[in-house]
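Structure first, then comments.
Numbering (my numbering), first residue to last: 76 to 333.
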């Protein structure tokens, strides 16, 4: 986990922070739309760090958006329940497709996601407003929140990320891309045991999961995923690798590793 440590400025009144957040969200409040429902996710660090500062900023943004009456804000309890069921976390570290799914399940018209970047005297907050119906990013906002001792302390409180299938698979695939099969396959083994029904429609996931299953006594399931790579992503380099594995290991032969 990457941590940023900067010298913080002398204490700034909390009301200054609230005012900066109100100014930052002004473009959203000025949108020419009827009252819409919005789900606000916690902004994260640029490397996906989940901090107490992200949680604080989310609550402040919810307060501003709800107070102005322009948006109806999805309750945190409902949002948390939906994201837990979807094996996600209450942060901005989700893809547009995941954001759309969250929006549909919570009845939200928009999803607000974002990232936090620390600078010497401020925190840069970059926000994206995703329209659930179209899946498009309809507005991006960037602004600075002045540092103070309290905000710096919150930034340093890094929360342990949850053990979600997407995180484990992503980590496993990174190891496998680098050629570290031992570590990558160990993570895949853990993920497949804990989340047996999880499936991601990407050539990387289908190939590496299929390769692992093929060589670890689940040949039929492995072949199914490898064939899916070839069928759905025929031009992908992973489709070529899948063909090579299947050609090298025709029925009746002992599995051979490429």
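Where a beta carbon is used, it is the ideal one built from N, C-alpha and C, also for glycine.
Predicted, not measured: the structure shown is a model, and the values here were computed from it.
Handout entry: Residues near residue 157 by beta carbon distance below 7 angstroms, same chain, minus five either side
Key = 177, 180, 181
Practice task
Check whether the Cβ atoms of residue 197 and residue 173 sit closer than 9 angstroms, and answer yes or no.
Solution key: no
Exercise for the section: Would you identify the three-state DSSP class for residue 125, choosing helix, strand or coil? Expected result: strand
Practice task
Could you confirm whether any beta carbon from chain E is found closer than 9 angstroms to the beta carbon of residue 155?
Solution key: The structure shown contains no chain E; it holds only a single protein chain.
Handout entry: Burial state of residue 280 (16 or more Cβ within 10 Å)
Key = buried
Practice task
Let me know if residue 309 comes out buried or exposed under the rule of 16 or more other beta-carbons within 10 Å of its beta-carbon.
Solution key: exposed
Problem - Given residue 277 as reference, the closest of 312, 192, 265, 264 once Cα atoms are compared - result: 312
Practice task
Classify residue 134 as helix, strand or coil using the three-state DSSP reduction.
Solution key: helix
Exercise for the section: Starting from residue 278, follow the alpha helix (DSSP H) in both directions and report where the run begins and ends. Expected result: 278-290
Problem - Beta-bridge pairing of residue 185 - partner residues as DSSP gives them - result: 113, 206
Problem - Whether residue 232 touches residue 126 by CB criterion (9 angstroms) - result: yes
Handout entry: Any 3 or more C-beta pairs closer than 8 angstroms across the stretch 130-142 and the stretch 111-118
Key = yes
Problem - Cut-off 8 angstroms between Cβ atoms - residues of its own chain near residue 184, not counting five sequence neighbours on either side - result: 111, 112, 113, 178, 206, 207, 208
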